[in-house]
């Protein structure tokens, strides 16, 4: 599939300030609803297949593949030789104007880019690291009506532990993050329209050099 295959997939555009302010509004809380009223609402959503209901098993698998594409592409960019494959994976995952950002505060992200190509350029900075590894834990997916009743949409929450190994220091950086994503189904395929990686904590600790590094010193 080429990049232009999903050129018609577009979300309603808002002012940049509005997009950032709305970043925290889509957070998913995967917990038990308290009280009989909440239980009734949850049961209604489940039976009707509306907002808040889980997606089908096939859709869940396809949506999880989007996160796998992102992780594989991003971690591979520590090696510049993987650039073409990484870009292809991003283009197969995101709509042409998908919003990608990251930081502690959705209203003040560390970066904000639009589209898979811009995300690729942002992540190419990982070539400064010996290794990058995204370990994905729980992925929660539920239905959304963000694009109207005739356009299947979903909200995704994924918990990720990122490990980065710098080239120039004997340290290892670990970052815990929660990804809050939105996706849309178009022509029987799912694409990410928005992704915010909300940092939870970061740490930098000493690491033991692998034998190859010790031998070269």
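Numbering (the UniProt record's numbering), first residue to last: 1 to 217. We put the beta carbon where it would ideally sit given N, CA and C, even for glycine. Computed from a prediction, not measured in an experiment: that's the story for all the values here.
The residues 89, 92, 93, in chain order, have a CB closer than 7 Å to that of residue 69 in the same chain once the five nearest residues on each side in sequence are set aside.
In this structure, the straight-line span from the alpha carbon of residue 186 to that of residue 150 is close to 10 Å. Contact between residue 55 and residue 154 holds: their C-beta atoms lie close to 6 Å from each other, under 8 Å. Within the UniProt domain "SnoaL-like" (57 to 194), the complete beta strand (DSSP E) segments at least 3 residues long are 94 to 103, 111 to 114, 129 to 144, 153 to 166, 171 to 186, listed from N- to C-terminus. Scanning its chain for C-beta atoms nearer than 7 Å, with the 5 sequence neighbours on each side dropped, one finds around residue 66 the residues 93, 183, 190, 192, in chain order. Its Cα nearest to that of residue 147, the residue 194 stands out among 194, 129, 172, 180. Under the three-state reduction of DSSP output, residue 197 falls in the strand class.
If the five residues before and after residue 113 are omitted, its C-beta is found closer than 7 Å to the C-beta atoms of 100, 119, 122, all from its own chain and listed in chain order. Looking at the DSSP output, residue 206 sits in a beta bridge with 171. Note on geometry: alpha-carbon atoms of residue 84 and residue 142 lie some 32 Å from one another. By the 16-neighbour rule on beta-carbons within 10 angstroms, residue 181 is buried.
With a 10 Å radius around the Cβ and a threshold of 16 neighbouring Cβ atoms, residue 138 comes out exposed. Here the alpha carbon of residue 198 sits roughly 31 Å from the alpha carbon of residue 210.
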